[in-house]
Amino acid sequence: MSDATIPTCPSCQDLQPCHLDIPISKLLEGIAAECPGCALMRDVIQPFVPFAEVESVRILNDCALYVYVFFKELKGRHATIEVYAKPDSPSRWKHIGPARSVPALANSTESIGLLKRWLNDCETRHPACQVGRTATLPTRVIDVGESAETVSLYISQAGEQGTYTALSHCWGGQTPLATTQATLGDRQKSIHFDKKSRTFAEAVEVTRALGFKYLWIDSLCIIQDDVADWTAEAAKMSQVYSNAALTLSADGAADTSQGLFGGSGARTSAHNTQAITTTDPSGSPVEVYARLRSSRPSDPNTAPHSSLPTSPSKLSTRAWVLQERILSPRMVHFYNEELVWSCFGLERCECRLMAVTSSFGTFRRLLSMPAPDKPTSEHNLLVEWPKLVEQFTSKGLTYPKDRLPALSGLATLAHEKTPTSRYLAGMWSADMAYSLLWASDHVAAAESDTPIVRMPVVPFAPSWSWASVVGPVVHVDRHLDQFTNRRSGRDEVKPLLEVVRAVTTPVTSNAYGPVKEGVVVVRGQVLSVRYDFLEGTWRPVLQGRGEIGGRGLAAEVDKRPKVEPKVIPDVLDEDPRFNSAARVLQLFGEFVFLRAATYIWEGSMSSESTEVVALLLERRPDLSVSGEETYQRRGIVMHAFDSRKVWVGVPTQTISIV
Numbered sequence: 003m004s005d006a007t008i009p010t011c012p013s014c015q016d017l018q019p020c021h022l023d024i025p026i027s028k029l030l031e032g033i034a035a036e037c038p039g040c041a042l043m044r045d046v047i048q049p050f051v052p053f054a055e056v057e058s059v060r061i062l063n064d065c066a067l068y069v070y071v072f073f074k075e076l077k078g079r080h081a082t083i084e085v086y087a088k089p090d091s092p093s094r095w096k097h098i099g100p101a102r103s104v105p106a107l108a109n110s111t112e113s114i115g116l117l118k119r120w121l122n123d124c125e126t127r128h129p130a131c132q133v134g135r136t137a138t139l140p141t142r143v144i145d146v147g148e149s150a151e152t153v154s155l156y157i158s159q160a161g162e163q164g165t166y167t168a169l170s171h172c173w174g175g176q177t178p179l180a181t182t183q184a185t186l187g188d189r190q191k192s193i194h195f196d197k198k199s200r201t202f203a204e205a206v207e208v209t210r211a212l213g214f215k216y217l218w219i220d221s222l223c224i225i226q227d228d229v230a231d232w233t234a235e236a237a238k239m240s241q242v243y244s245n246a247a248l249t250l251s252a253d254g255a256a257d258t259s260q261g262l263f264g265g266s267g268a269r270t271s272a273h274n275t276q277a278i279t280t281t282d283p284s285g286s287p288v289e290v291y292a293r294l295r296s297s298r299p300s301d302p303n304t305a306p307h308s309s310l311p312t313s314p315s316k317l318s319t320r321a322w323v324l325q326e327r328i329l330s331p332r333m334v335h336f337y338n339e340e341l342v343w344s345c346f347g348l349e350r351c352e353c354r355l356m357a358v359t360s361s362f363g364t365f366r367r368l369l370s371m372p373a374p375d376k377p378t379s380e381h382n383l384l385v386e387w388p389k390l391v392e393q394f395t396s397k398g399l400t401y402p403k404d405r406l407p408a409l410s411g412l413a414t415l416a417h418e419k420t421p422t423s424r425y426l427a428g429m430w431s432a433d434m435a436y437s438l439l440w441a442s443d444h445v446a447a448a449e450s451d452t453p454i455v456r457m458p459v460v461p462f463a464p465s466w467s468w469a470s471v472v473g474p475v476v477h478v479d480r481h482l483d484q485f486t487n488r489r490s491g492r493d494e495v496k497p498l499l500e501v502v503r504a505v506t507t508p509v510t511s512n513a514y515g516p517v518k519e520g521v522v523v524v525r526g527q528v529l530s531v532r533y534d535f536l537e538g539t540w541r542p543v544l545q546g547r548g549e550i551g552g553r554g555l556a557a558e559v560d561k562r563p564k565v566e567p568k569v570i571p572d573v574l575d576e577d578p579r580f581n582s583a584a585r586v587l588q589l590f591g592e593f594v595f596l597r598a599a600t601y602i603w604e605g606s607m608s609s610e611s612t613e614v615v616a617l618l619l620e621r622r623p624d625l626s627v628s629g630e631e632t633y634q635r636r637g638i639v640m641h642a643f644d645s646r647k648v649w650v651g652v653p654t655q656t657i658s659i660v
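Everything in the sequence shown is counted per this note's numbering, starting at 3 for the first residue and increasing by one.
Next comes the structure, spelled out in C-alpha cells:
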C-alpha cells in the first residue's frame, strides 16, 4: 500500500472504509487534531443534530456517503444524513459520490429536462419497453394544443395512429371535470380547466412540454353518463395504458384540485439540504451537500425519498390504479417529494443518479414478454393471477360495481397470453380447481374497519367467485405447480375437485365484466353437515342409524374431533357464530361440506384430522339450472373433519354451484 492510501487519522481513518463506527469521543479527538475527515463529519452533523446529543456515528458507503447519528438519550434511535457531491463537481473524498439536488418545483426546467432524458433513454435503450412512437389512438383523446386556450377533445378515426400520454389520478370522492352526453360537443370545441381541475391542467402542461400532442384522461375521454360507452371503453383499458408512450401518475394529489406539481415548499421540506464548504484529503477547498433522509434510498421500494417519513400515496391504494401501473410500459410518478420513474426495465428517482432494475411484480414481467413460451408462460400467468387478485381486492373502490371492470384491462391482456383458458367472473377455467379456494380476509377487513359484505349489485358474480363479495380475499399457497411432490416449506393446498364444466354469461358486451349467470359443475365428495348451537361448531349429519355418508360409523366419530373445523365464512353476517338471524337460517337450510383440497402444513403432509379443505355450500333447489343438485357457496373450511374417520366412504357426487 502506498503512503497516499494509508489512513492518517485513527478516528475516521480518512473516511476510507466502506463501513465504520466512530464513538463521539474519538470523533472529537480527530476534530481537535484538525483531521479534515472528522471536521467534515462535524460540519455534516451540526445543521441537523446538536453535537451534545450524539453518542456515536456510523458511516456507510452506498453511492453517496451515509452518516448514521446515534443519540445518547434515545437508545437505538438515529438520524440518517446523506452526503453527496454534485455530478459536475466531483469530490476527492473516496466515498462521497455524486447525487442530484432536487429543484424546488416539479415543473422546473431541470425536472422536466430530466424527465425528457429518462424518456429518451427508455425509448432508445430498453427493448422490453418498446411501445412504438405511434400506436392506435383511443376513441377520444385530449388535444393539448399550443397553449391553455387551444385544448380540446379529439375524436379519433378508426385505426388512427398517434402518440399520447395517459393520466393516472385519484378522483378523491368527488366527480372531476367530466364529459357527459350534454357536454360532448362543447368539449370538442374547447376544454377550460378550473381550480378543481389543476391536476388535468398540469398534465396537459407536461404532455405539451414533452412534445406529445395527445393526452388521455378517464373522466374526459369516456362519456360518464353513457352506460354503453363506459362499458365499451372500460373493456379497452388494456390498450389505453399499454399503448401510452408515458403514463403520468398524480401520486401527490388526493384529488384533481391538488395538481401534479405539489404544494408550495413541499419539495424544499422533503429535501432539507445544506451546502458544506470544507477541505478534501489534500487540503483543497471543496463543496459537498448534506440532507436528512428518512430511509436509505438504495432500495427503490423506499421512493420517494425524503427528509420526512413518507406513507403510501392515496392513489396507490386505489384498485383501478393497480392495472394502470401494471399495464403502463412507462410511468412517471409525481410525488410531492420528487419525480420517480418506473418502466419495464428500470426504476429511477430524481435525487439519485443510479437506476435500479425494475422490481415490479412477476405478473407485469410476464405480460411484457413479447413472445411467450407456451405452455410455460401460460402456466406462470395462471399461477400469478390469484396473487394479483389478492393485491387488487386489498385496494379501495369508490363503487362496488367496478370490482370486475377495474380488472378487465389486465384480464384482456392476460387472455391474449392464455388463449386456451376462458375467463369466468374473475377466474380462469384452466385453474378453476385452485381458484375456487379463495377465502375472505376478515382480519384485513377489520383493520380497515370495513366489513366484507355481499356484492350489493345484482346480477354481478356467482357465489363461487371472489367477486361475489366486497373486500379483501386471500388464498393458501398452492402446492408447487400442483403436479409434483416438491414442497416449499409453507402452508399449501393441493386441489382435489374435478371441474366438469364452468360457464358464465356477461351482463354487457364486456366479456371481462359482471356476469348475469354463472355455474360451475364439479365432482367431489359431498358431506351433509349441521350447525351445533350448543357446541358452537359444525358437525357431520348422521345418515340413518350410526351411519354417515352411507357407511357404518365408528363410535369415535361421535366424540369431539381432535381438531374442530375452521370455517371462514364469505360474509360474517351469514355466520351463525356472529349473527342471530343467520342462526335461524341454519335451522331451515341444508348445508354440505364439499371436499375440495388437501392441506399441507409447512411443507409436510398434515395429519388425517387437519388435511381436509372443503367448501361450505348451501343447497338451493330453487336455483337449479340442470339435473345436478344446486348449491351456493357460503365459505371455506380448513380441517374439515378427519379424512379417515369421517370422509372414507362418503359418496362422490356431481353438483352445480351458482
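Cβ atoms here follow ideal geometry from the backbone N, Cα and C, with glycine treated the same way.
Cβ pair residue i, residue j closer than 8 Å
i	j	result
Ile659	Leu618	no
Gly473	Ser442	yes
Phe336	Ser251	yes
Arg293	Glu84	yes
Leu248	Ser221	no
Thr523	Glu630	Looking at the sequence provided, one finds Val at residue 523 rather than Thr. Yes, the Cβ-Cβ distance between Val523 and Glu630 is below 8 Å.
Leu324	Leu212	no
Ser91	Glu289	yes
Thr507	Glu494	no
Leu355	Arg102	yes
Pro578	Asp644	no
Ser308	Ala272	yes
Asn512	Ala236	yes
Thr258	Ser192	no
Ser467	Gly428	yes
Whole-angstrom distance between residue j and residue i, CA atom to CA atom
i	j	result
Ile657	Ala230	36 Å
Glu549	Trp540	Only weak support exists for where Glu549 lies, its pLDDT of 40 falling under 50; the value from the coordinates is given anyway. Roughly 17 Å between the two C-alpha positions.
Asp611	Val476	The sequence as given places Ser at residue 611; Asp does not occur at that position. For Ser611 and Val476, the distance between alpha carbons rounds to 23 Å.
Val501	Lys77	59 Å
Ala137	Tyr243	11 Å
Ser297	Ser284	32 Å
Ser13	Val56	16 Å
Leu62	Leu22	7 Å
Thr280	Lys419	58 Å
Ser626	Arg503	15 Å
Ala41	Ile98	15 Å
Lys647	Glu576	29 Å
Ala35	Val51	22 Å
Gly637	Ser530	15 Å
Val565	Ile225	56 Å
Leu574	Pro453	8 Å
Asn122	Ser330	16 Å
Glu386	Leu369	11 Å
Arg119	Pro38	37 Å
Ala469	Ile26	59 Å
Asn245	Gln18	48 Å
Arg488	Trp430	Model confidence at Arg488 stands at a pLDDT of 49, short of 50, so the residue's coordinates are unreliable; what they give is reported in the following sentence. Cα to Cα, the separation comes out at about 24 Å.
Ala357	Ser344	10 Å
Cys65	Pro421	46 Å
Met640	Val615	5 Å
Trp173	Glu204	16 Å
Gln241	Glu326	11 Å
Phe580	Thr395	23 Å
Glu380	Val478	21 Å
Whole-number beta carbon distance between residue j and residue i, since they are thought to touch under 8 Å
i	j	result
Lys238	Ala321	About 18 Å; that fails the 8 Å criterion.
Val528	Leu596	6 Å
Leu498	Thr600	6 Å
Ser423	Ala432	4 Å
Arg189	Leu155	4 Å
Note to self: Tell me whether the segment 249 to 267 and the segment 161 to 170 touch, counting them as touching only if at least three CB pairs, one residue from each stretch, are closer than 8 Å.
What the structure shows: Contact between the segment 249 to 267 and the segment 161 to 170 is present: three or more C-beta pairs spanning the two stretches fall below 8 Å.
Margin query: I want to know whether the segment 446 to 453 touches the segment 408 to 427 - three or more CB-CB distances under 8 Å.
Written below: no
Item checked: Given 8 Å, three or more beta-carbon pairs between the segment 103 to 117 and the segment 334 to 348 -> yes
Checklist line | Length at least 4, wholly inside the segment 344 to 431: the alpha helix (DSSP H) runs in chain order | finding: 364 to 370, 378 to 395, 410 to 419
Notebook entry, point to check: Whole beta strand (DSSP E) runs in the segment 53 to 135 with 3 or more residues, listed along the chain?
Noted result: 56 to 64, 66 to 73, 80 to 86
Check: Curious, which full-length beta strand (DSSP E) runs of at least 3 residues does the segment 259 to 346 contain?
Finding: For the segment 259 to 346, whole beta strand (DSSP E) runs of length 3 or above, ordered along the chain, are 275 to 281, 287 to 295, 332 to 336, 341 to 345.
Notebook entry, point to check: Where in the segment 599 to 624 do unbroken runs of the beta strand (DSSP E), each at least 3 residues long, occur, reported from the N-terminal end onward?
Noted result: Counting whole runs of 3 or more residues, the segment 599 to 624 contains the beta strand (DSSP E) stretches 614 to 621.
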